[in-house]
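What follows is a set of notes on a single structure, which appears directly below.
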Amino acid sequence: MRIVLCYPVQPQHLQKIQAAAGDAEVVDAGQQGVAEALLDADIYCGHAKVPVPWDDVVSRGRLRWIQSSAAGMDHCLVPSVVASDILVSSASGVLAKQVADHTLALTLGILRDLPTFFRAQERRDFTRRPTRDLFGATVGLIGLGGNGRLLADVLSAFEARILATDWFPEEKPASVAELLPPEGIDSLLPRVDVLILAAPLTDQTRGLMNARRLALMPEGSFLVNVARGPLVVEEDLAQALGGHLRGAAVDVTEVEPLPETSPLWGLENMLITPHVGGQRASRIDDMTDLFCENLRRFRRGERLVNQVDNRLGFPEPADSLWRLEGRGGAK
Numbered sequence: 000m001r002i003v004l005c006y007p008v009q010p011q012h013l014q015k016i017q018a019a020a021g022d023a024e025v026v027d028a029g030q031q032g033v034a035e036a037l038l039d040a041d042i043y044c045g046h047a048k049v050p051v052p053w054d055d056v057v058s059r060g061r062l063r064w065i066q067s068s069a070a071g072m073d074h075c076l077v078p079s080v081v082a083s084d085i086l087v088s089s090a091s092g093v094l095a096k097q098v099a100d101h102t103l104a105l106t107l108g109i110l111r112d113l114p115t116f117f118r119a120q121e122r123r124d125f126t127r128r129p130t131r132d133l134f135g136a137t138v139g140l141i142g143l144g145g146n147g148r149l150l151a152d153v154l155s156a157f158e159a160r161i162l163a164t165d166w167f168p169e170e171k172p173a174s175v176a177e178l179l180p181p182e183g184i185d186s187l188l189p190r191v192d193v194l195i196l197a198a199p200l201t202d203q204t205r206g207l208m209n210a211r212r213l214a215l216m217p218e219g220s221f222l223v224n225v226a227r228g229p230l231v232v233e234e235d236l237a238q239a240l241g242g243h244l245r246g247a248a249v250d251v252t253e254v255e256p257l258p259e260t261s262p263l264w265g266l267e268n269m270l271i272t273p274h275v276g277g278q279r280a281s282r283i284d285d286m287t288d289l290f291c292e293n294l295r296r297f298r299r300g301e302r303l304v305n306q307v308d309n310r311l312g313f314p315e316p317a318d319s320l321w322r323l324e325g326r327g328g329a330k
């Protein structure tokens, strides 16, 4: 059995993986070697940021399992993989703590108008300006996977009223006041002060926040995107920020890096970070722990943590890491 890795492992991570893998060959391919190494892999763990010949990999019939080192699955759930018998599992929830940190930073930053104060600081301008509050706000949360559920718990400490949508609306956590199915988004949008996107990128969510839906948000409301850039039509967002939206904060963009010609750069009510929401000192340790747990399960023929429904593009609640960690349950 040959295990191919494509995430930034250190020697201690390789040792831990090898211990869980038994006599299997473990190959640290990295971004430079992953495309070729995958052709002869039985198991793959990683997130390739280079083109991968997935159709060729599938046609060889050797690859049995993909463990994504990212929560989003758009990098590997191509049509040929979806139609195959390859097991797929995600890292949903592994990055939840750091994503919660960063979402709070972005949300509070744009609500308290920090971009304006940063520019004022550069001019040595000590002028008071109005700000908005997170305490007591109505927050819309699109997506209640591993990241969304922890976000809901964290936001509840701010006495926020949380309205959410999710594919599994029967799995409502106590921190959420109202949980709707995905098609309920249009009824949610007019009621929010802040909208946070935490959904995966799928055919159903691509372009989710277009001109029509942005227009449903109230005058003076805010948009925060910590999911995937293509959930938002950026041209439409730029127009809305010149109109009824008070501000937006994004950690992800339609094209990354965000082109210098993007209209988002010049907007004063915009806060942009370069896809750093998943950064955490223990990230690789945490990812390796999940992979080793799933590797042991795979060798025993058991269901995997975060085993993905390939056609949905994300795990069902029964297999989710958040359920294992005790953040699940219908209430």
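Note that numbering that gives the first Met the number 0 has the sequence shown beginning at 0, numbered continuously upward. Using N, Cα and C, we set each Cβ at its ideal position, and we do this for glycine too.
Separation of N309 and R205 (C-alpha to C-alpha, rounded to the nearest whole angstrom) is 17 Å. Per DSSP, reduced to three states, the secondary structure at Q238 is helical.
A direct Cα-to-Cα measurement between P50 and A34 gives close to 7 Å. By the criterion of a C-beta distance shorter than 8 Å, V191 is surrounded in its chain by T137, V138, G139, L162, M216, P217 and S220, once the five residues flanking it on both sides are discounted. In this structure E267 is exposed. Its beta-carbon is surrounded by fewer than 16 other beta-carbon atoms within 10 angstroms.
Closest in C-alpha terms to V81, from the list L323, E324, P316 and L311, comes L311. The secondary-structure analysis by DSSP pairs E24 across a beta bridge with R1.
Excluding five sequence positions before and after P52, the CB atoms of its chain that fall closer than 8 Å to its own CB belong to A34, L37 and L38, given in chain order. Setting aside the 5 residues that flank it on each side, G145 is surrounded in the same chain by S91, G92, A95, L320 and W321, each with a C-beta closer than 6 Å to its C-beta; the list follows chain order. DSSP places F221 inside the beta strand (DSSP E), whose first and last residues are F221 to N224. Of the other Cβ atoms in all chains shown, fewer than 16 fall within 10 Å of the Cβ of W264; this residue is therefore exposed. D124 is not bridged by DSSP to any residue. In this model, D152 and S89 are separated by some 22 Å (Cα to Cα).
Exposure of A317 is indicated by the presence of fewer than 16 other C-beta atoms within 10 angstroms of its C-beta. Sorting V25, C44, A40 and Q11 by C-alpha distance to the C-alpha of L289 places C44 at the top. Between R295 and A19, the C-beta gap is smaller than 8 Å, which places the two residues in contact.
In this structure the region 163-174 does not touch the region 98-118; the number of beta carbon pairs closer than 8 Å is below three. Contact annotation, L187 with L179: C-beta distance approximately 6 Å; criterion of less than 8 Å satisfied. Secondary structure of C44 (DSSP, three-state): strand.
Excluding five sequence positions before and after Q278, the CB atoms of its chain that fall closer than 7 Å to its own CB belong to Q97, given in chain order. Closest by C-alpha distance to G228, out of Q238, R212 and T272, is T272.
By the beta-carbon neighbour count (other beta carbons within 10 angstroms, threshold 16), G246 is buried. In terms of Cβ geometry, L105 and V225 form a close pair [threshold 8 Å]. Pairing V304 with M72 gives a Cβ-Cβ distance that is not under 8 Å. Comparing alpha carbon positions, the residue from Q14, L4, K15 and H12 closest to D41 is L4.
A248 is a Cβ neighbour of L270, given a cutoff of 8 Å.
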